[in-house]
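In my numbering, each residue carries its 1-based index in the sequence shown increased by 1.
Note that the Cβ used here is the ideal one computed from N, Cα and C, for glycine as well.
Please read all numbers here as calculations on a predicted model, not as lab measurements.
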Amino acid sequence: MDSQILEPIVSTSSGKVRGQLREGIYGDTYYSFDGIPYAKPPLGKLRFKSPQPVEAWLGVRDCTICPPMCIQSNYYTGVIDGIEDCLYLNVFTKKLRSAKPLPVLAYLLGGRFAIGDASRNSWGPDYLMMKDVVYITIGFRLGALGFLSFPEPELQVPGNAGLKDIVMALQWIKKNCQYFNGDPDNITLFGHSSGSATAQMLMYVPQCENLFHKVILISGMQMHLRRIPQLEYRFAKHLGYKGQENNHDILAYLSALPAERLCDLKILTPVEQKQGHQSVFSPTLENEHAPDAILTKDLLDLYANKQSWCHSIPLVLGGSSFEGLMNYKYFAKEPELYETLRKHPEYLLPYEVREKYDMLTQQQLAKKLIRLHLVNVI
């Protein structure tokens with residue numbers, strides 16, 4: 002039986018952490034441990050690089066305050082939020098002791114790989130804490146800091162640092178969830194939007210085998226890795242770089258900039274936006290010879306490999322309710338957008354589908370989507 006402790010202290014492989022007993026909005030109590038570091042701060046020479054294991058600490062680390070989000074430009078205001086030192090996770094557990102360990106749910110936030118906050122301020126545990134589970138949210142690098150990529154091995158920036166942050170967090174969870182009464186052999190990875198696509202990608206990563214055992218994908222999948230041409234060079238020029246297209250010089254320039262400058266991602270052309278590019282920096286193919294590469298083949302090819310470990314784990318696909326609510330105001334202010342969709346229903350299709358099929362087939366497929374999702378609107 003779990004006797005409640007107001008200020009619980011848990012010993013992890015990295016050191017001791019102090020949490021707190023909280024009451025959720027539905028009246029349930031749970032234990033909260035906010036801002037547990039799972040990797041070294043990615044600062045200085047570690048900027049853009051793969052994460053490094055966290056250094057153990059002495060004494061008891063206070064984990065009662067939400068950690069800052071990873072630095073980003075606010076989607077609505079354009080104000081810069083967060084800091085570069087952001088590789089923390091948050092653990093919420095219904096019980097610290099019980100007859101048997103609790104299932105673990107590890108959540109990946111969405112936000113086009115550019116925005117989002119993993120703390121309980123945005124993804125509170127209140128609903129899940131109505132059940133006997135351990136719920137963990139993971140902060141990881143976003144935008145250029147998480148997904149800048151260069152092919153030269155000597156630069157040690159092969160890409161996907163943000164994904165590798167998550168892999169390191171999952172390794173920490175696998176090793177330490179037992180100390181929060183979680184079952185290390187019953188970990189479900191789930192995410193929403195780009196977080197869902199990330200969970201899907203990690204299903205194909207050999208380094209993730211046995212780090213999670215079930216997957217829930219909510220409103221997001223990705224079957225191809227697309228890269229904007231000359232992205233790093235264009236990005237550097239956008240931020241004031243005057244040199245040639247030399248990746249050594251570009252990396253040196255970007256490494257010297259304040260992190261706030263790196264949040265200015267407004268470089269997509271109208272054509273690229275029309276092609277369906279929503280994220281400037283996102284997961285990419287890596288040089289297969291990079292020592293810590295995790296994605297070296299296109300996702301569709303990885304999925305087609307029937308020997309992949311991902312085919313042996315349970316998977317739930319779904320969507321969230323009121324998905325279009327965030328964009329409602331844009332359609333309300335510009336009703337002509339509905340007329341555009343009536344004339345060009347193919348705009349609803351993913352770019353990969355539009356590339357593959359002729360216009361007639363595109364419109365037929367798009368109208369099926371409209372009948373399914375927008376029957377009372379268009």
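Pairwise C-alpha distance: residue j and residue i
{"i": "L301", "j": "Y339", "result": "33 Å"}
{"i": "Y234", "j": "F151", "result": "10 Å"}
{"i": "M2", "j": "Y304", "result": "Unreliable placement is indicated for M2, whose pLDDT of 47 sits below 50; the coordinate value is still reported in the next sentence. If you take the alpha carbons of M2 and Y304, they lie about 44 Å apart."}
{"i": "S99", "j": "Y89", "result": "26 Å"}
{"i": "Q308", "j": "F213", "result": "18 Å"}
{"i": "G1", "j": "G140", "result": "Not covered by the structure: residue 1. The range shown for the chain is 2 to 379."}
{"i": "C209", "j": "P315", "result": "15 Å"}
{"i": "V105", "j": "I219", "result": "17 Å"}
{"i": "L286", "j": "D299", "result": "7 Å"}
{"i": "L366", "j": "G45", "result": "49 Å"}
{"i": "G125", "j": "G244", "result": "46 Å"}
{"i": "Y136", "j": "Q231", "result": "40 Å"}
{"i": "L349", "j": "K369", "result": "11 Å"}
{"i": "A162", "j": "K50", "result": "6 Å"}
{"i": "I268", "j": "Y242", "result": "14 Å"}
{"i": "L240", "j": "M327", "result": "29 Å"}
{"i": "C87", "j": "E261", "result": "14 Å"}
Residue i: CB within 6 Å of a non-hydrogen atom of the ligand NAD
{"i": "F332", "result": "Ligands displayed in this structure: none; no statement on the ligand NAD is therefore possible."}
Sequence-distant residues of its chain with Cβ nearer than 6 Å to residue i (five each side left out)
{"i": "A145", "result": "L263, F282"}
{"i": "Y76", "result": "I116"}
{"i": "G111", "result": "H193, S194, S195, G196"}
{"i": "V18", "result": "V11, F34, I37, R62, C64"}
{"i": "T138", "result": "N91, Y108, A119, W124"}
{"i": "A57", "result": "S15, G16"}
From the options, residue whose alpha carbon lies closest to that of residue i
{"i": "D82", "options": "L88, R23, S74", "result": "S74"}
{"i": "N122", "options": "L303, G60, D35, K46", "result": "D35"}
{"i": "D186", "options": "L103, A40, F93", "result": "L103"}
{"i": "S12", "options": "Q274, C178, E246", "result": "C178"}
{"i": "Q21", "options": "S15, V92, K46", "result": "V92"}
{"i": "V55", "options": "L106, G16, I251", "result": "G16"}
{"i": "L47", "options": "G111, V18, D166", "result": "D166"}
{"i": "A237", "options": "G160, L149, N182, T270", "result": "L149"}
{"i": "L156", "options": "N247, K176, V206", "result": "N247"}
{"i": "V216", "options": "K96, G319, F332, Q365", "result": "G319"}
{"i": "L296", "options": "G160, T78, A107, Y108", "result": "G160"}
{"i": "P68", "options": "I10, L59, I84", "result": "I84"}
{"i": "T78", "options": "D265, T341, L59", "result": "D265"}
{"i": "Y128", "options": "L240, L258, Y27, V272", "result": "Y27"}
{"i": "D133", "options": "E261, Q363, D29", "result": "D29"}
{"i": "E273", "options": "R227, M360, Y254, R142", "result": "R227"}
Buried versus exposed, by CB contacts within 10 Å (16 or more), residue i
{"i": "W173", "result": "buried"}
{"i": "I6", "result": "exposed"}
{"i": "T94", "result": "buried"}
{"i": "G147", "result": "buried"}
{"i": "N306", "result": "exposed"}
{"i": "S313", "result": "exposed"}
Contacts around residue i, its chain only, beta-carbon distance under 7 Å, and the 5 residues preceding and following it disregarded
{"i": "A198", "result": "G221, M222, Q223"}
{"i": "Y31", "result": "R23, G25, F93, T94, K95, P126, M130"}
Beta-carbon separation (whole angstroms), residue i vs residue j, contact threshold 8 Å
{"i": "P52", "j": "P38", "result": "With 8 Å as the limit, P52 and P38 do not qualify as a contact, their Cβ atoms being about 11 Å apart."}
{"i": "H278", "j": "I229", "result": "6 Å"}
Neighbour flag for residue i against chain D, beta carbons, 7 Å
{"i": "S51", "result": "Considering every chain present, this structure includes no chain D. It has just one protein chain."}
Same chain, Cβ closer than 8 Å to residue i, five either side skipped, listed in chain order
{"i": "V80", "result": "S74"}
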